[in-house]
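Asker: Residue numbers (full-length UniProt numbering): 1 to 249. Sharing a structure here in structure tokens format.
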Ligand SMILES: NC(=O)C1=CN([C@@H]2O[C@H](COP(=O)(O)OP(=O)(O)OC[C@H]3O[C@@H](n4cnc5c(N)ncnc54)[C@H](O)[C@@H]3O)[C@@H](O)[C@H]2O)C=CC1
Ligand SMILES: O=C1O[C@H](COP(=O)(O)O)[C@@H](O)[C@H](O)[C@H]1O
């Protein structure tokens, strides 16, 4: 039987990349604080709610197998009051409701900014180039370079807690730079962490289907330039990216 999946932040860029490829593959429930427009609003069950509204989130989550949690403030420069509310409090609300509703898995949209401070002056810009062999693999401690990154590291830690304490399966995807059709132009960092739309959809598809306990994986395409390892995503999720920013240089 088709799995039912709650997609929070469904109206945004990552949500669109996922639905563009997977709209027919799951029984979706779409949640966003803005009313959804376009084809997915007409063809799928959708809920307009704020992610910190505990009652609305509990209602939306009832009966689903998996949650993909994207809703939040995605701005690297976002101020503390916004990330505290939308990213940290919102993620805790989702995880608590998921446990109470016996959800099997939560896939959390973490970010490259949870580890942004590894990009020191000594390492960059070499880090973004093909010859450089430095890799982060998800076993390192978080090292955020801004408060947005702190909020993503907090979301990962909340996931760890809800896994250890309640047995919830949690996969944190440290998404790189999702850009449609081609990697960012004249931006080496963005090219090293490019995630194409179709690789994004495939990665979240694998995170819905695979078996795991608690995982942190990197969400990038198979770029020649890279400083994030794809090993864990390949091994645990069966991720097989098809795109490479080098093909667009
Ligand atoms: N786009 C990217 O390259 C990356 C995105 N991410 C993360 O992925 C997630 C999605 O990002 P994007 O799709 O790019 O952002 P977006 O801004 O395009 O979409 C976010 C969606 O969440 C909704 N939303 C925001 N706060 C909400 C709240 N309190 N309650 C309910 N809905 C709310 C917005 O209305 C919007 O539709 C975010 O958590 C972001 O931090 C992480 C790394 C890279
Ligand atoms: O987490 C995120 O990261 C990407 C890439 O970061 P950037 O600083 O190189 O732009 C960003 O585009 C996205 O908005 C953000 O949510």
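Built from N, CA and C at the ideal position, the CB exists for glycine as well. All figures in this text were calculated on a predicted structure; none of them were measured in a lab.
Where residue 95 and residue 10 are concerned, what is the direct C-alpha to C-alpha distance, given to the nearest angstrom?
Answerer: Position 95 of the chain shown, counting from 1, holds the residue named residue 95. Position 10 of the chain shown, counting from 1, holds the residue named residue 10. Spanning the two alpha carbons is a distance of roughly 17 Å.
Asker: State buried or exposed for residue 57, treating a residue as buried only when at least 16 other CB atoms are found within 10 Å of its CB.
Answerer: Here residue 57 corresponds to residue number 57 of the chain shown, with the count starting at 1. By the neighbour-count rule (16 or more Cβ atoms within 10 Å), residue 57 is buried.
Asker: Between the beta-carbon of residue 79 and the beta-carbon of residue 113, is there less than 8 Å?
Answerer: Position 79 of the chain shown holds residue 79. Position 113 of the chain shown holds residue 113. No.
Asker: For a minimum of 4 consecutive residues, which ranges assigned as the alpha helix (DSSP H) are wholly contained in the stretch 110-176?
Answerer: Within the stretch 110-176, the complete alpha helix (DSSP H) runs of at least 4 residues are 147-166.
Asker: Quick one: using the 10 Å Cβ neighbour count with 16 as the cut-off for buried, is residue 166 buried or exposed?
Answerer: By one-based count along the chain shown, residue 166 stands at place 166. Exposed, by the Cβ-count rule.
Asker: How would you call residue 37, buried or exposed, if buried means at least 16 neighbouring beta carbons within 10 angstroms?
Answerer: The sequence position of residue 37 within the chain shown is 37, counting from 1. Exposed.
Asker: Going by C-alpha distance, which of 233, 192, 221 is nearest residue 211?
Answerer: Within the chain shown, residue 211 is the residue found at index 211, counting from 1. That would be 233, whose Cα lies nearest to the Cα of residue 211.
Asker: For a cutoff of 8 Å on Cβ pairs, would you count residue 11 as touching chain C?
Answerer: Looking for chain C here will not work: only one protein chain is present.
Asker: Tell me which residue opens and which closes the beta strand (DSSP E) that residue 32 is part of.
Answerer: The residue labelled residue 32 in the question sits at position 32 within the chain shown. Residues 27-32.
Asker: Which of helix, strand or coil does DSSP assign to residue 227?
Answerer: Translated into the one-based positions of the chain shown, residue 227 becomes position 227. Reduced to three states, the DSSP call for residue 227 is coil.
Asker: For residue 43, is the classification buried or exposed, using 16 other Cβ atoms within 10 angstroms of its Cβ as the cut-off for buried?
Answerer: Translated into positions along the chain shown, residue 43 becomes position 43. So residue 43 ends up on the exposed side.
Asker: If you draw a straight line from the alpha carbon of residue 70 to that of residue 222, how long is it in whole angstroms?
Answerer: What you label residue 70 is simply residue 70 of the chain shown in a count that begins at 1. What you label residue 222 is simply residue 222 of the chain shown in a count that begins at 1. In a straight line, the C-alpha of residue 70 is about 22 Å away from that of residue 222.
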